[in-house]
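As structure tokens, the structure follows; a few thoughts come after it.
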DNA sequence: TGCCAGGCCCTCTTTAGGGCCTT
């Protein structure tokens, strides 16, 4: 059976989802057995203004969103694209809040768990200078994927980081990497106890 | 008007505080 994972990234108008703070763009990368096999990306218009600071950060302007498809249409397509495929994001506590909020506007809910490349990289790459997605990408020598802080480029960066974490797991601990269940368990293990946890995993 | 997150992790900790990370 093929191991599929959906790596997602949102651009938004702020930090906490709500009536005045919505998603503006989503990028999704589908991985199958360690290869990118499909992508989804769209801007979305939720009828909220993009603050100047966010426009500067992402390059996503109010003018771009005026001509973007409605948020409900985009989120329906995104949710259908992902289906029940296990999810991954960098700092998943952020993207999962927006994923859940936007799905709730459609009367839908999320059936699957999120794995988090931020939590995993803190455990498996503690020697990195920091654990920002861009820093980890440069530090690990991973490919440039486009403009940072655009959804598909960031989702591809996170996907490449996930694959790198898999290589790290195999090299250092003799464990296969992209088993979503293992990743979800590993990201909850206290950082100081990760080595012990991996040693004690059944072969 | 003024306010503005929250989970994780470390340590000069646990009766707490502050930095990290996402936009």
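Numbering (my numbering), first residue to last: 1 to 203.
Ideal placement from N, C-alpha and C gives every residue a C-beta, glycine not left out.
Predicted model only: the values in this text are computed from it and were never measured.
By the Cβ criterion, the stretch 26-46 is in contact with the stretch 2-14, since at least three pairs of Cβ atoms, one from each stretch, lie closer than 8 Å.
A residue is called buried when at least 16 other Cβ atoms come within 10 angstroms of its Cβ; residue 151 meets this threshold and is buried.
Secondary structure remark: continuous alpha helix (DSSP H) runs of at least 4 residues inside the stretch 52-114, in chain order: 52-58, 62-66, 71-82 and 92-105. If you ignore the 5 residues before and after residue 116, its C-beta comes within less than 6 Å of the C-beta of 92 and 187, all in its own chain and listed in chain order. Residue 3 has no beta-bridge partner at all, per DSSP.
Within the same chain, 6 and 28 come within 7 Å of residue 82 by CB-CB distance, once the 5 residues on both sides are set aside.
Between residue 17 and residue 45 the beta-carbon gap is near 16 Å, outside 8 Å, which marks them as no contact. Put simply, the backbone Cα of residue 133 is about 8 Å away from that of residue 118.
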